[in-house]
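What follows is a short report on a single structure.
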Amino acid sequence: MRVLPRGRLSYGMQLPVQSQSTLYAEPWEAAAGPAELLAVARAADRLGFAYLAVCDHVAIPRRLAAAMGTVWYDPVATLGWLAAATERVRLLSHVAVAALRHPLLTAKQYATLDQLSGGRLILGVGAGHVREEFEALGVDFARRGALLDETVDALKASLGPEEFPDFRGERFAFSGLGQAPRPVQTPRPPLWIGGSSPAAVRRAAIRGDGWLPQGDPRDRLPGQIARLRALRDEAGIDEPAEIGAITEPLYVGEPGWNVGRRTLTGAPERLAESLRAYAAMGVDQIQVRFRCRDHTELTDQMAAFAADVAPHLDDQLDD
């Protein structure tokens with residue numbers, strides 16, 4: 001089940017403000033809120049970004065708060081609000097910690113989101129990594145992988161075409177229970193799997209419509225992609241998975257401030273040439289992030305990328 005244009009390198013982004021881990025949040029985000037979030041989402045919609053992404057954590061323990069922060073907007077509420085303010089951009093949970101919730105509850109929330117957005121949902125799910133979050137909600141952290149596998153299978157049934165889906169698993173079982181509204185997308189919304197561990201790659205290969213790596217460096221991606229494709233072939237799945245990658249931080253042009261040594265900077269043609277390497281590896285979509293000092297600089301960077309870099313992402317693919 002593919003939703004991105006074939007033969008093209010699509011680009012999307014995780015929204016600022018809605019999650020504020022010190023690993024990636026810019027200093028200005030701490031004082032920002034809904035107005036800045038909305039401005040960036042509308043810019044992405046206007047500028048041709050493939051998707052907007054929102055993260056998921058229910059609660060952060062004190063031991064992790066210094067690094068992760070406690071600002072994590074709810075993905076369903078946030079994406080639902082932004083659905084009414086945008087028209088074409090897809091709405092991605094990157095990623096929902098699906099094992100924390102009963103699949104019927106998740107299906108109800110995201111089917112409603114797909115309906116309200118006119119069929120723009122991409123449901124991204126992952127196993128999660130915060131033990132205290134699972135313990136507080138009464139979910140077995142040690143079995144989260146197996147639980148997510150079953151949850152994905154249950155979501156495929158409950159988000160599918162049947163109003164009264166039937167599913168029987170080890171932990172979840174339901175039959176004769178109708179849910180409406182149904183998703184707009186048929187046979188169901190796409191389900192992308194996040195994570196880069198061997199188990200996550202296997203899950204994406206066997207159960208997913210797409211794969212969302214968790215920051216794999218460029219030199220590791222080709223091997224991961226090859227493994228995913230081999231596992232998919234072994235399972236007899238003909239439809240290729242939509243493969244993603246998170247790029248290095250970007251700055252279009254020459255910055256007049258310190259953007260960090262890992263940031264890709266310079267002329268649009270140089271950035272496009274560097275990013276085309278992802279397509280050569282077999283990547284279908286890149287998640288981009290721009291260094292910026294406020295939301296205005298961010299939307300300016302997004303506009304420069306869309307106008308001057310994006311048109312050259314597919315130059316070699318068209319040859």
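Just so it is clear: in the sequence shown, position 63 is 63 by the UniProt record's numbering, and no numbers are missing. Quick reminder that beta carbons are idealized off the backbone N, C-alpha and C, glycines included.
Outcome for residue i when other beta-carbon atoms lying within 10 angstroms are tallied against a minimum of 16
| i | result |
| --- | --- |
| S19 | buried |
| E254 | exposed |
| A277 | exposed |
| L159 | buried |
| R120 | buried |
| G33 | exposed |
Own chain partners of residue i with C-beta closer than 7 Å, once the 5 adjacent residues on each side are dropped
| i | result |
| --- | --- |
| A199 | G145 |
| L298 | P16, V40, F290, C292 |
Chain-order list of residues whose beta-carbon lies under 8 Å from that of residue i (same chain, five-residue window excluded)
| i | result |
| --- | --- |
| G244 | W192, G210, W211, L212, P213, V283, D284, Q285, I286, Q287 |
| Q224 | S196, V201, P213, D216 |
Cutoff 8 Å: residue i Cβ touching any chain D Cβ
| i | result |
| --- | --- |
| P181 | Of the chains in the structure shown, none is chain D; there is only one protein chain. |
Beta-carbon separation (whole angstroms), residue i vs residue j, contact threshold 8 Å
| i | j | result |
| --- | --- | --- |
| R291 | V259 | 4 Å |
| L82 | A41 | 5 Å |
| D56 | V3 | No, D56 and V3 are not in contact; Cβ-Cβ is about 20 Å, not under 8 Å. |
| Q232 | A205 | The identity of residue 232 in the sequence shown is Arg, whereas the question assumes Gln. Rounded, the Cβ-Cβ distance is 5 Å, consistent with contact. |
| D45 | R88 | 6 Å |
C-alpha gap between residue i and residue j, whole angstroms
| i | j | result |
| --- | --- | --- |
| V201 | G195 | 7 Å |
| D319 | G256 | The pLDDT assigned to D319 is 48, lower than 50, so where the model puts this residue is not dependable; a value taken from the coordinates is nonetheless given after this. If I take the Cα positions, the gap works out to 36 Å. |
| P217 | L177 | 44 Å |
| M302 | A43 | 8 Å |
| F134 | T78 | 22 Å |
| L147 | A99 | 6 Å |
| G12 | E132 | 31 Å |
| T247 | P240 | 21 Å |
| D149 | R207 | 8 Å |
| V184 | A111 | 8 Å |
| P103 | Q109 | 10 Å |
6 Å CB neighbourhood of residue i in its chain, flanking five on each side removed
| i | result |
| --- | --- |
| V71 | Q20 |
| A157 | P165, F167 |
- Contained alpha helix (DSSP H) runs [length at least 4] in the region 221-298, N- to C-terminal order: 221-234, 268-281
- Runs of beta strand (DSSP E) wholly within the region 101-186 (minimum 3 residues, chain order): 121-126
- Complete alpha helix (DSSP H) runs within the region 44-84 (minimum length 4 residues, chain order): 62-68, 75-83
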